[in-house]
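Note that the numbering used here gives residue 507 to position 143 of the sequence shown, counting from 1, and the numbers run on in steps of one.
Glycine included, every Cβ here is placed at the ideal spot set by N, Cα and C.
Presented below is the structure to which this report refers.
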Amino acid sequence: MRVLGIESSCDETAVAVYDENQGLILDEVYSQQIHQQYGGVVPELASRDHLRKLAQMIIKSLKEKELKWSDVDAVAYTAGPGLAGALMVGACTSQALAFSLGVPAVAVNHLEGHLLAPLLGGEPIRFPFVCLLVSGGHTQFVLVKSIGQYELLGETLDDAVGEAFDKTAKLLGLGYPGGAALEQLAKKGDACRFALPRPMLKKPTLDMSFSGLKTAVLLTVQKHEEQDYADIAACFQSAIVETLVAKCQRALKQTHAKQIVIAGGVAANGQLRQAIATMASKQSASVLYPPIKHCTDNAAMIAFAGYQQIIAGRHPKVDGLIRPRWPLSELSANF
Ligand code: KG4
Ligand code: ZN
Numbered sequence: 365m366r367v368l369g370i371e372s373s374c375d376e377t378a379v380a381v382y383d384e385n386q387g388l389i390l391d392e393v394y395s396q397q398i399h400q401q402y403g404g405v406v407p408e409l410a411s412r413d414h415l416r417k418l419a420q421m422i423i424k425s426l427k428e429k430e431l432k433w434s435d436v437d438a439v440a441y442t443a444g445p446g447l448a449g450a451l452m453v454g455a456c457t458s459q460a461l462a463f464s465l466g467v468p469a470v471a472v473n474h475l476e477g478h479l480l481a482p483l484l485g486g487e488p489i490r491f492p493f494v495c496l497l498v499s500g501g502h503t504q505f506v507l508v509k510s511i512g513q514y515e516l517l518g519e520t521l522d523d524a525v526g527e528a529f530d531k532t533a534k535l536l537g538l539g540y541p542g543g544a545a546l547e548q549l550a551k552k553g554d555a556c557r558f559a560l561p562r563p564m565l566k567k568p569t570l571d572m573s574f575s576g577l578k579t580a581v582l583l584t585v586q587k588h589e590e591q592d593y594a595d596i597a598a599c600f601q602s603a604i605v606e607t608l609v610a611k612c613q614r615a616l617k618q619t620h621a622k623q624i625v626i627a628g629g630v631a632a633n634g635q636l637r638q639a640i641a642t643m644a645s646k647q648s649a650s651v652l653y654p655p656i657k658h659c660t661d662n663a664a665m666i667a668f669a670g671y672q673q674i675i676a677g678r679h680p681k682v683d684g685l686i687r688p689r690w691p692l693s694e695l696s697a698n699f
């Protein structure tokens, strides 16, 4: 079976094909450039750019891999969560394509895609595992009991970690999205120079909050000059990493899970990967991350999640093709 995956929930237009025997045989991502000048994603422009790119990207990439339409057995698309207009472009394209090919169209939850991305490499998985999902829009701890069975353990009460990286990067004059650039700048800085808060560590839950840290960074930036920015970046990154590591440790203890998976765009962060690996080894737990290209938004994870849905006979209900707000916990109810 071959599943064509389509991702268009935010500012990446992506197409992939997952083959149940060969794994990924196509994996293309186009990152929209149009938003950089605005310092954030402009939803209307995102939808228009998806519309401009998606259909031709599907045709061109299939052709380049010498794949025929008859090779496609199902079309899996991101139905949510995400920007309504952007999702609609992927949903309509996928539905039309599936209808014309006479194959099923499968609605995939984007968060489930991120969560399953680490499994794409065929690494051994130990259920149940804890997943820290850290992206531009979400920051959650999820207990994955099996594929399709997800329990929300805790989440951010305000900003997502990726959002905090992007807002700090903006204050420091780095482009958008600025997480990766901030990581590079932090390498040149002194992470001990400024005392920034480690939010909600004393609270005995797995909930998090990053808006206070953001304000502390703003005040620090206002009091300093550009030559201090590398130190601010390093201190900010350390505050985030230490907070997440402490919460990951709590999640492992609380659930008795022996594996932790880090997924989502921020899972690309080297300091975070390293620090979680060190903590986990002390707990005799293993850590799994997707390769960097499958941390940020991509269609490989959507094709793979769609394939998993098909073989499990799982059909999440999506009224009206898309669900811009679609909590992961609802998927278990559909299992
Ligand atoms: O998962 P993703 O591609 O999109 C969403 O679904 O939100 O995540 C994008 C986020 C952005 O906020 C970006 O700044 C952040 O991931 N990011 C990073 C790094 N690479 C991407 N944050 C910290 N360090 C990185 N190396
Ligand atoms: Zn994402």
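Apart from sequence neighbours up to five positions away, the residues of its chain that approach V436 with a beta-carbon distance below 7 angstroms are R366, L368, L465 and V467, ordered along the chain. The nearest non-hydrogen atom of the ligand KG4 is 7 angstroms or more from the C-beta of F600. V494 is positioned such that its CB atom lies closer than 8 angstroms to that of T619. Here S464 carries a helix assignment [DSSP, helix/strand/coil].
Listed in chain order, the non-local C-beta contacts of F529 below 7 angstroms within the same chain comprise G542, G543, L546 and V630, local neighbours out to five positions each way being set aside. By the criterion of a C-beta distance shorter than 6 angstroms, N633 is surrounded in its chain by E547, once the five residues flanking it on both sides are discounted. Counting C-beta pairs with one atom in each stretch, the segment 594-607 and the segment 466-485 have fewer than three that are closer than 8 angstroms, which means they do not touch. Secondary structure of Y394 (DSSP, three-state): strand.
Straight through space, the alpha carbons of M564 and A580 are spaced by roughly 15 angstroms.
Taking C-alpha positions only, D383 is separated from K617 by approximately 37 angstroms. Looking only at Y671, Y653 and F463, the smallest Cα-Cα distance to N385 is reached by Y671. The segment 432-452 and the segment 369-378 touch, with no fewer than 3 CB-CB distances between them shorter than 8 angstroms.
In the three-state reduction of the DSSP assignment, D530 falls in the helix class.
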